[in-house]
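The structure appears right after this line, and notes come after that.
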Amino acid sequence: MDLKVAMKNFLTNVWQTPKYTINEFKTEKVEDKDMDLIKAEKLLKEITCRDDLKRAMTHRELEELSRAIETVKKHGFEVELSKELLEANQLLTRLKRLERIRHEILQLKQSTVAEIRSYQSPPQVVHTVMTSTFLLLGHKEKETKIWKTVQALVGKTGKEGLKRRCIECKPDKINVTDAKRAQTLLEKYELDEIRDVSAGAATFYVWSITMIEELMDIIARKEEAAAAKQTEET
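Numbering (my numbering), first residue to last: -16 to 217.
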């Protein structure tokens, strides 16, 4: 197979990488009047950049995704990979937001957490936010209906400490049903409304919303990938 055929196959969605043909072309030292070698090497680089970008999006790691995006830009494939780049940048924004809220949780003063625990009869919004938070962390909603149970959970330390559990929580490990229930509980409130009542509860509200959105995005991407694979097979 020559370079022209390899590139044509790629462009018609055969996805056949021309690397082997490029090596043969170089070995044979064929005269390259139409600059096919340069075109093929560029195409191979584009394929590599695209695959690396998609892999980074699947891994959902901030640094890996940032590097993959920069590599696309470095090689000038912003136009050729515009669709993939748009999706990657949207995901990058979400991952940065997730990293930011984790940092905010880490920096949350213990006195602020203690303020939540100190309520004997908490405002409904505080109780709801903490119920949603513990739902996402794997607790049953009925556990948190009694405020004293919530107080005990907030007061735990070490590996069971609330801050540590939030920081280490992986969105893809959250139960989808619990996430949807938490979303329903929280959708009646606005951040400013919660912040006016409790700064600590506001932080856990943002954490909960961010984790829910991240989980829903993961699910949506998996469904899109499955649909695309099914289309290719038919």
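Just so it is clear, CB atoms sit at the ideal spot from N, CA and C, and this is done for glycine as well.
* Asked: Does T160 have its Cβ less than 8 Å from a Cβ in chain C?
  -> No chain C is part of this structure, which consists of one protein chain only.
* Asked: Which of helix, strand or coil does DSSP assign to L64?
  -> Here residue 64 is taken as the residue at index 81 of the sequence shown, counted from 1. Three-state result, L64: coil.
* Close beta carbons around T127, own chain, < 6 Å, minus the five adjacent residues each side -> Position 144 of the sequence shown, counted from the start, is the residue given in the question as residue 127. For T127, where only same-chain residues beyond five positions count, the Cβ hits under 6 Å are T114, F117 and V133.
* State yes or no: is the C-beta of I201 within less than 8 Å of the C-beta of Q166? => Start at 1 with the first residue of the sequence shown, and residue 201 comes out as number 218. Start at 1 with the first residue of the sequence shown, and residue 166 comes out as number 183. No, they are not a contact pair.
* Nonlocal neighbours in the same chain, by C-beta distance under 8 Å from D35, ignoring five residues either side -> Stepping through the sequence shown from its first residue, residue 35 is reached at position 52. A51 and T54.
* **G183 burial status per 10 Å Cβ neighbour count (16 or more: buried)** => Here the question's residue 183 lines up with position 200 in the sequence shown. Classification for G183: buried.
* Which residues in the same chain as E176 place their Cβ atom closer than 8 Å to its Cβ, once the five residues preceding and following it in sequence are excluded? -> Translated into positions along the sequence shown, residue 176 becomes position 193. Same-chain partners within the cutoff: V108.
* With DSSP as the reference, label G141 as helix, strand or coil. => In the sequence shown, residue 141 corresponds to position 158, counting from 1. Looking at G141 - three-state DSSP - the assignment turns out to be helix.
* S101 (DSSP reduced to helix, strand or coil) -> Counting from 1 along the sequence shown, the entry for residue 101 is found at position 118. Three-state result, S101: helix.
* Asked: Start and end of the alpha helix (DSSP H) containing D155?
  -> Residue numbering aside, residue 155 sits at position 172 when the sequence shown is read from its first letter. Where D155 is concerned, there is no enclosing alpha helix (DSSP H), given that its DSSP letter is neither H nor E.
* Asked: Around the Cβ of I129, are there at least 16 other Cβ atoms within 10 angstroms (buried) or fewer (exposed)?
  -> Counting from 1 along the sequence shown, the entry for residue 129 is found at position 146. Under this definition I129 is an exposed residue.
* Asked: Nearest to K56 by alpha carbon, out of G121, K28, T76 and H42?
  -> In the sequence shown, residue 56 corresponds to position 73, counting from 1. Taking only the C-alpha atoms, the option nearest K56 is K28.
* To do: Output the boundary residues of the alpha helix (DSSP H) element that contains T114.
  => As a position in the sequence shown, residue 114 is number 131, starting the count at 1. Run containing T114: Q107 to L119, per the alpha helix (DSSP H) assignment.
* To do: Using three-state DSSP, classify E176 as helix, strand or coil.
  => Taking the first residue of the sequence shown as position 1, residue 176 is located at position 193. E176 falls in the helix class under three-state DSSP.
* Asked: Taking the alpha-carbon positions, what's the K66 to E47 distance?
  -> Position 83 of the sequence shown holds residue 66. Position 64 of the sequence shown holds residue 47. K66 and E47: Cα-Cα distance of roughly 19 Å.
* Closest by C-alpha distance to R80, when choosing among G138, W190, K205 and Y172 -> By 1-based counting over the sequence shown, the position of residue 80 is 97. If we check each option's Cα against that of R80, W190 comes out closest.
* Hey, would you say V137 sits closer than 8 Å to V112, going by beta carbons? -> Position 154 of the sequence shown, counted from the start, is the residue given in the question as residue 137. Position 129 of the sequence shown, counted from the start, is the residue given in the question as residue 112. Against a cut-off of 8 Å, the Cβ pair of V112 and V137 comes out as no contact.
* To do: Look at the Cβ atom of L174, then the Cβ atom of A162, and state whether they are nearer than 8 Å.
  => To locate residue 174, count along the sequence shown from 1; it is residue 191. To locate residue 162, count along the sequence shown from 1; it is residue 179. Against a cut-off of 8 Å, the Cβ pair of A162 and L174 comes out as no contact.
* To do: Excluding the 5 residues preceding and the 5 following L91 in the sequence, name in chain order all residues of the same chain whose CB lies nearer than 8 Å to its CB.
  => As a working mapping, residue 91 is identified with position 108 in the sequence shown. Around L91: K146, G183 and T186.
* Start and end of the alpha helix (DSSP H) containing E215? -> Residue numbering aside, residue 215 sits at position 232 when the sequence shown is read from its first letter. Element bounds for E215: A182 to E216.
* To do: Pick out whichever of N72, G121 and E207 has its Cα sitting closest to the Cα of K156.
  => As a working mapping, residue 156 is identified with position 173 in the sequence shown. Comparing Cα-Cα distances from K156 to each of N72, G121 and E207, the minimum goes to G121.
* **Burial state of A203, where buried means 16 or more other Cβ atoms lie within 10 Å** => On the sequence shown, residue 203 is found 220 positions in, with the first residue counted as 1. Exposed, because fewer than 16 other Cβ atoms sit within 10 Å of the Cβ of A203.
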